[in-house]
Amino acid sequence: QRFRGRSLDILGLSVATAVVVSADKLLLEGSASAETFGHYAAQYDLATRLHVLSTALGTVLLPALSQRVATDGFERAAALFVRQAGWIALLFFCGLAALLLFSDEVLALVLGEAALEAENVYPLLLVGIFFALFGHLITPWQRACGDFRTHRRIYTVAALLMLVVGVVTIPRFGALGAVLTYSTARCADVLL
């Protein structure tokens with residue numbers, strides 16, 4: 370019974386995550402010009418490359434935290450996790466702040482000078498990436514404690530909110546509406 374419940378939670382989380390990672394782009398592609406979609410997709414791809422760091426952290430933290438919870442107990446493992454997460458968030462913030470300060474230069478260097486003439490949503494996406502870090506940090510902790518239900522619930526709500534915001538804002542505001550849609554999904558990371 371417990372295995373079935375966790376399996377359903379993981380399945381629900383997988384479906385909700387598929388919506389969360391693609392709804393902004395799918396809705397924008399269906400309602401914007403190819404040029405607008407191309408510029409948004411390029412800036413989105415550049416910004417979300419930073420998720421590689423967050424994902425790698427989760428891959429390393431999950432087994433370490435699971436072992437800590439088992440050997441040191443919940444309280445000591447939690448104290449260590451909070452300390453590590455604080456340092457990680459601070460370092461990530463400093464890196465993102467530098468990218469924000471030089472966002473035009475980064476866009477021009479990676480995507481070319483023409484990227485500066487398009488609607489620049491890259492800095493807004495970077496802010497969303499910062500909030501996404503918290504979800505990537507807390508996920509290994511919750512999974513180390515055996516909690517998969519919280520993720521399913523929160524990501525399901527975020528996916529539904531994201532679809533509503535996307536349907537309303539993307540046809541009206543284009544790439545900016547897509548950023549608002551993407552940002553709505555980040556509420557899941559904060560709620561976690």
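Take 370 as the starting number for the sequence shown in the numbering used here and just add one per residue. C-beta: ideal position from N, C-alpha, C; glycine also.
Residue i at chain C interface by Cβ criterion, 8 Å
i	result
A487	The structure shown contains no chain C; it holds only a single protein chain.
Contact under 8 Å by Cβ, residue i with residue j
i	j	result
F450	W510	yes
L396	Y491	no
F517	L382	yes
G497	S423	no
T428	Y524	no
A527	A544	no
7 Å Cβ shell around residue i - same chain, five flanking residues per side excluded
i	result
V559	F500 and F503
I507	L561
I539	L396, L397, S400, G546, A547 and T550
V479	L415
Closest residue to residue i among the options (Cα-Cα distance)
i	options	result
M531	L380, V384, R373 and V388	V388
H408	G464, I379, E488 and A554	E488
V534	L549, A458, L469 and V526	L549
A392	D441, F406 and L380	F406
S376	L561, T553 and H520	H520
L495	F471, G481 and L480	F471
A458	F542, I379 and H505	H505
A557	A446, L529, G464 and I379	L529
L380	A467, R522 and V536	R522
L468	D441, Q453 and T417	T417
Extent of the continuous alpha helix (DSSP H) to which residue i belongs
i	result
G546	A544 to L560
A401	Where A401 is concerned, there is no enclosing alpha helix (DSSP H), given that its DSSP letter is neither H nor E.
Neighbourhood of residue i by C-beta distance below 8 Å, restricted to the same chain and skipping five residues each side
i	result
C514	V438 and F443
L476	Q412, L415, A484, L485, N489 and Y491
Distance cut-off 7 Å: residue i Cβ against heavy atoms of the ligand PLP
i	result
R437	Annotation note on the ligand PLP: not contained in the displayed structure, which lists no ligands.
Within the region 484-534, note down every full alpha helix (DSSP H) run reaching 4 residues or more, in order along the chain. Qualifying alpha helix (DSSP H) stretches, in chain order: 491-513.
Suppose only complete runs of 4+ residues qualify. What are the alpha helix (DSSP H) ranges in the region 420-486, listed by chain order? For the region 420-486, whole alpha helix (DSSP H) runs of length 4 or above, ordered along the chain, are 420-441, 443-470 and 472-480.
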